[in-house]
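Chemist:
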Amino acid sequence: MGVPIKEHPGRAILVMMEKFCNLTGLSTSNILVVVLDRRRAWRSLHATKFTEHTARILLQVYGTVFHMNQGNPFKLKALVDKWPDFNTVVIRPQEQEMTDELDHYTNTYQVYSKDPKKCQEFLGLPEVINWKQHLQIQSTQSSLDDVIKNLAALKLGKVKQTQCLLYMVSELGKKMANSLLDAKNPSPNDNKFKSIHQKILQLSSLDPSHDALVNTFWYFGGNERSQRFIERCIKTFPNWCLLGPEGTPVSWVLMDQTGEMRMAGTMPKYRRQGLITYLSYIQTQALNKLGFPMYSHVDRANHIMQKLALNMKNIRMPCDWNQWNFLP
Ligand SMILES: CC(C)(COP(=O)(O)OP(=O)(O)OC[C@H]1O[C@@H](n2cnc3c(N)ncnc32)[C@H](O)[C@@H]1OP(=O)(O)O)[C@@H](O)C(=O)NCCC(=O)NCCS
């Protein structure tokens with residue numbers, strides 16, 4: 001265990017992360033990468049540097065690795081099929097984290113493959129994906145759909161795909177998007193926010209006890225397990241909220257273990273008054289300073305959040321945000 005990646009000159013592991021690393025200056029990562037080698041024996045390596053050539057389609061993998069690099073609070077590990085010339089990367093929780101067979105919020109895998117048609121064998125291995133559990137697979141590669149559906153059929157389970165729009169949020173991400181779009185920093189609709197609420201709302205961060213509130217408004221939530229997941233995100237990652245006169249949140253923004261900004265909400269009474277715009281601005285500014293890679297997904301039917309993304313000058317990516325939910 002612990003073969004430093006730099007001992008593989010010329011062909012660094014995960015060629016895909018290079019540009020991101022150059023931009024972030026990531027250099028002292030201590031990421032556990034597990035490789036299934038030709039003899040099908042697992043080897044562990046500590047990567048010192050990740051490189052990249054297709055940044056557009058591996059946001060979730062990159063965002064997750066970023067957080068692994070910051071103390072790995074969700075206790076994840078990265079698996080690759082070959083070393084050093086890998087085809088597929090899977091990021092997943094370590095086995096000891098996956099104790100609840102029904103908890104697909106925890107049993108979440110991020111997948112990136114250079115050749116999605118050739119990753120079925122790897123994804124089918126029980127050491128890579130535990131198909132006996134309720135789980136979800138996230139990827140920005142819609143082309144994984146066939147492989148995942150084939151595997152679901154082989155494992156005699158059911159799979160449902162959710163496909164949403166994907167946006168780059170961070171300055172880093174925008175640079176990566178190599179877009180000609182105007183990516184100037186937006187500013188919040190300050191006048192609107194100030195005139196209405198400056199005196200009665202207080203900028204703060206969520207407390208873990210606010211998990212139930214966030215859970216009520218989260219599209220993917222509304223159950224006990226999603227509430228646990230939200231509580232963990234609140235405890236682990238920076239988040240922001242506005243407290244109302246009663247001292248409870250009236251608007252909030254969070255992020256998850258993949259670096260995605262999600263689970264935003266505003267209480268119905270306070271909507272359409274610029275609160276999420278204001279918090280998104282605060283969140284983006286703060287996380288940009290910390291060098292976080294940030295992205296978000298928006299449901300095709302959620303025109304309000306699409307408007308927000310447009311106002312915030314977030315960059316709509318040419319690929320989608322995908323999530324496959326599997327039931328054995
Ligand atoms: C989506 C949601 C978070 C927006 O919060 P909000 O505080 O009302 O948002 P803002 O007031 O900052 O509005 C953002 C933009 O959308 C527009 N907008 C907000 N509500 C709108 C509505 N009902 N119809 C049309 N436009 C609307 C605003 O006018 C603003 O655009 P503008 O600055 O160009 O005028 C809130 O409606 C909500 O909690 N919805 C349910 C949960 C959800 O969908 N969460 C997001 C996905 S996880």
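Residue numbers 1 to 328, in the UniProt record's numbering, belong to the letters of the sequence shown in order. C-beta atoms are modelled at their ideal positions from N, C-alpha and C, and glycine is treated no differently. Bear in mind that the values here come from a model prediction, so they are computed numbers and not experimental data.
1) Is the beta carbon of Phe-122 closer than 7 Å to that of Asp-85?
2) Just to confirm my understanding: we take Gly-124, look at its own chain, exclude 5 residues before and 5 after, and list those with CB closer than 6 Å. What are they?
3) Using alpha carbons as the reference points, say which of Asn-302, Met-255, Gly-244 lies closest to Tyr-163.
4) Between Gln-136 and Trp-321, how many whole angstroms is the CB-CB distance? I'm expecting something under 8 Å.
5) Find the nearest neighbour of Asn-130 within the set Pro-208, Lys-307, Arg-92, Tyr-295, judged by alpha-carbon distance.
6) Return yes when the Cβ of Ile-200 is within less than 7 Å of the Cβ of Pro-245, no when it is not.
7) If you follow the alpha helix (DSSP H) that Lys-235 is in, where does it begin and where does it stop?
8) With distances taken between CB atoms, is the gap from Thr-258 to Thr-64 smaller than 7 Å?
9) Confirm, please, whether the CB-CB distance from Phe-326 to Val-159 is below 7 Å.
10) Mark Gly-25 as exposed unless 16 or more other C-beta atoms lie within 10 angstroms of its C-beta, in which case mark it buried.
11) For the alpha helix (DSSP H) that Gln-141 lies in, which residues bound it at each end?
12) Can you determine whether any heavy atom of ligand 1 sits closer than 6 Å to the C-beta of Gly-259, and answer yes or no?
13) Between the C-alpha atoms of Asp-207 and Thr-99, what's the straight-line distance to the nearest angstrom?
14) If you draw a straight line from the C-alpha of Lys-75 to the C-alpha of Val-128, how long is it?
15) Taking only runs of the beta strand (DSSP E) that begin and end inside the segment 68 to 114, which ones reach a length of at least 3 residues, in chain order?
16) Between the alpha carbons of Gly-291 and Asn-72, how many angstroms are there, rounded?
17) Taking the straight line between their C-alpha atoms, what separation do you get for Asp-103 and Asn-215?
18) Going along the chain, which residues of its own chain have a beta-carbon closer than 6 Å to the beta-carbon of His-210, five neighbours each way excluded?
19) Are there 16 or more other CB atoms within 10 angstroms of the CB of Gly-265, so buried, or fewer, so exposed?
20) Within a Cβ cutoff of 6 Å, which residues of the same chain sit near Ser-204, ignoring the five residues on either side of it in sequence?
21) Could you give the C-beta distance for Cys-233 and Met-267, rounded to a whole number, given that I count them as a contact under 8 Å?
22) Considering only C-alpha positions, which residue in the set Val-253, Pro-328, Arg-271 is nearest to Tyr-295?
23) Thinking just about the alpha-carbon of each residue, which of Lys-269, Leu-156, Ala-78, Lys-117 is nearest to the one in Tyr-109?
Modeler: According to the data block:
1) no
2) Leu-151
3) In the sequence as displayed, the identity of residue 163 is Gln instead of Tyr. Among Asn-302, Met-255, Gly-244, the Cα nearest to that of Gln-163 is on Asn-302.
4) Incorrect: roughly 12 Å between the Cβ atoms, too far for contact.
5) Arg-92
6) yes
7) 224 to 236
8) yes
9) yes
10) Because the pLDDT of Gly-25 is 38, which lies under 50, any placement of that residue in the model is unreliable, and the question is left without a value.
11) Unbroken run through Gln-141: none, as it is neither H nor E.
12) no
13) 25 Å
14) 15 Å
15) 76 to 80, 88 to 93, 108 to 113
16) 16 Å
17) 15 Å
18) Pro-249
19) buried
20) Cys-241, Leu-243
21) Contact doesn't hold; Cβ gap of about 19 Å is too wide.
22) Val-253
23) Ala-78
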